[in-house]
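A short write-up of the structure that comes next.
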Amino acid sequence: GAGVSQSPRYKVAKRGQDVALRCDPISGHVSLFWYQQALGQGPEFLTYFQNEAQLDKSGLPSDRFFAERPEGSVSTLKIQRTQQEDSAVYLCASSPRDISNQPQHFGDGTRLSIL
Amino acid sequence: GENVEQHPSTLSVQEGDSAVIKCTYSDSASNYFPWYKQELGKRPQLIIDIRSNVGEKKDQRIAVTLNKTAKHFSLHITETQPEDSAVYFCAANLETGFQKLVFGTGTRLLVSP
Chain H
1 GAGVSQSPRY
11 KVAKRGQDVA
21 LRCDPISGHV
31 SLFWYQQALG
41 QGPEFLTYFQ
51 NEAQLDKSGL
61 PSDRFFAERP
71 EGSVSTLKIQ
81 RTQQEDSAVY
91 LCASSPRDIS
101 NQPQHFGDGT
111 RLSIL
Chain F
116 GENVEQHPST
126 LSVQEGDSAV
136 IKCTYSDSAS
146 NYFPWYKQEL
156 GKRPQLIIDI
166 RSNVGEKKDQ
176 RIAVTLNKTA
186 KHFSLHITET
196 QPEDSAVYFC
206 AANLETGFQK
216 LVFGTGTRLL
226 VSP
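Protein chains in written order, with my numbering: chain H, 1 to 115; chain F, 116 to 228.
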């Protein structure tokens, strides 16, 4: 498939557990984004990578959230000591270039539920 | 910071009618405005976008207009079909040199046969 792939599609965790969410961007795409989408809301920006460099993490809600893209391809969003308010859909998007007016293509997301 | 307002929040039309969704943005430096369609449990799907160097763009039954002076842009869907039923989000970029998108709150469109 040529689209953005995310795994797992669904994740249930107990409060206090750590979780890791994976994103495979479209091959060759330079830019990668993570967004958080609460029920009934639009996506909200979390963080942005240009290749392996994390250039913007202004949207990460707390220091419990950490993202990486070590080889400039696959990215992982990690949430430590999860809390109920972390329950949301986490969307990954990629874009072919590193300029600001390029289309962002989204994956299906990971639906995270914290019990 | 950038704010994108979208209305209406819900829109019900009969099949074959037109639908219009409107958004306003606050950052005058924004120069890219995409529209996404999201069906329940699915990914946001880019349906059309417009850059600030044009005032209108059309793709079959879908068109987007941009008024930079007033800082608003609109999505127009003509000859609506039941399969157009979904939530539609507008977005605008922040002209910070990066590509952060700020999304509106969404419009739930229902097209009745």
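For every residue, glycine included, the Cβ atom is placed at its ideal position computed from N, Cα and C. The structure displayed is predicted, hence computed values, not measured ones.
Would you kindly check if the distance between the Cβ of residue j and the Cβ of residue i is under 8 Å?
i	j	result
residue 103 of chain H	residue 113 of chain H	no
residue 24 of chain H	residue 78 of chain H	no
residue 69 of chain H	residue 39 of chain H	no
residue 189 of chain F	residue 224 of chain F	no
residue 179 of chain F	residue 186 of chain F	no
residue 127 of chain F	residue 193 of chain F	no
residue 202 of chain F	residue 221 of chain F	yes
residue 91 of chain H	residue 43 of chain H	yes
residue 170 of chain F	residue 161 of chain F	no
residue 51 of chain H	residue 74 of chain H	no
residue 88 of chain H	residue 6 of chain H	no
Shorter than 8 Å from the beta carbon of residue i to some beta carbon of chain F?
i	result
residue 80 of chain H	no
residue 105 of chain H	yes
residue 72 of chain H	no
residue 25 of chain H	no
residue 48 of chain H	yes
residue 41 of chain H	yes
residue 45 of chain H	yes
residue 100 of chain H	yes
residue 63 of chain H	no
residue 18 of chain H	no
residue 28 of chain H	no
residue 56 of chain H	yes
Alpha carbon to alpha carbon, how far is residue j from residue i? Give it in angstroms, no decimals.
i	j	result
residue 145 of chain F	residue 97 of chain H	18 Å
residue 130 of chain H	residue 130 of chain F	Nothing about residue 130 of chain H can be read from this structure; chain H reaches only from 1 to 115.
residue 47 of chain H	residue 215 of chain F	8 Å
residue 53 of chain H	residue 86 of chain H	25 Å
residue 204 of chain F	residue 76 of chain H	26 Å
residue 140 of chain F	residue 83 of chain H	32 Å
residue 228 of chain F	residue 108 of chain H	28 Å
residue 9 of chain H	residue 166 of chain F	33 Å
residue 101 of chain H	residue 153 of chain F	21 Å
residue 198 of chain F	residue 226 of chain F	8 Å
residue 174 of chain F	residue 195 of chain F	14 Å
residue 157 of chain F	residue 81 of chain H	28 Å
residue 28 of chain H	residue 136 of chain F	34 Å
DSSP puts residue i in a beta bridge; with which residues?
i	result
residue 207 of chain F	F:217
residue 149 of chain F	F:164
residue 44 of chain H	H:36
residue 126 of chain F	F:224
residue 135 of chain F	F:191
residue 9 of chain H	BP columns for residue 9 of chain H are empty, so no partner.
residue 173 of chain F	F:178
residue 158 of chain F	Answer is none; residue 158 of chain F lacks a bridge partner.
residue 184 of chain F	Residue 184 of chain F is not bridged to any residue.
residue 77 of chain H	H:21 and H:67
residue 100 of chain H	Residue 100 of chain H pairs with nothing; no bridge assigned.
Distance cutoff 8 Å, beta carbons only. Does residue i sit that close to anything in chain H?
i	result
residue 215 of chain F	yes
residue 203 of chain F	no
residue 123 of chain F	no
residue 170 of chain F	no
residue 147 of chain F	yes
residue 161 of chain F	yes
residue 131 of chain F	no
residue 118 of chain F	no
residue 166 of chain F	yes
residue 157 of chain F	yes
residue 188 of chain F	no
**Prompt:** Counting Cβ pairs closer than 8 Å, one from the stretch 8 to 16 of chain H and one from the stretch 118 to 130 of chain F, do we hit at least three?
**Reply:** Contact between the stretch 8 to 16 of chain H and the stretch 118 to 130 of chain F is absent: fewer than 3 CB-CB pairs across the two stretches fall below 8 Å.
**Message:** Below 8 Å, how does it come out for the stretch 201 to 211 of chain F and the stretch 135 to 154 of chain F: are there three or more Cβ pairs, yes or no?
**Reply:** Flag = yes, the stretch 201 to 211 of chain F and the stretch 135 to 154 of chain F touch.
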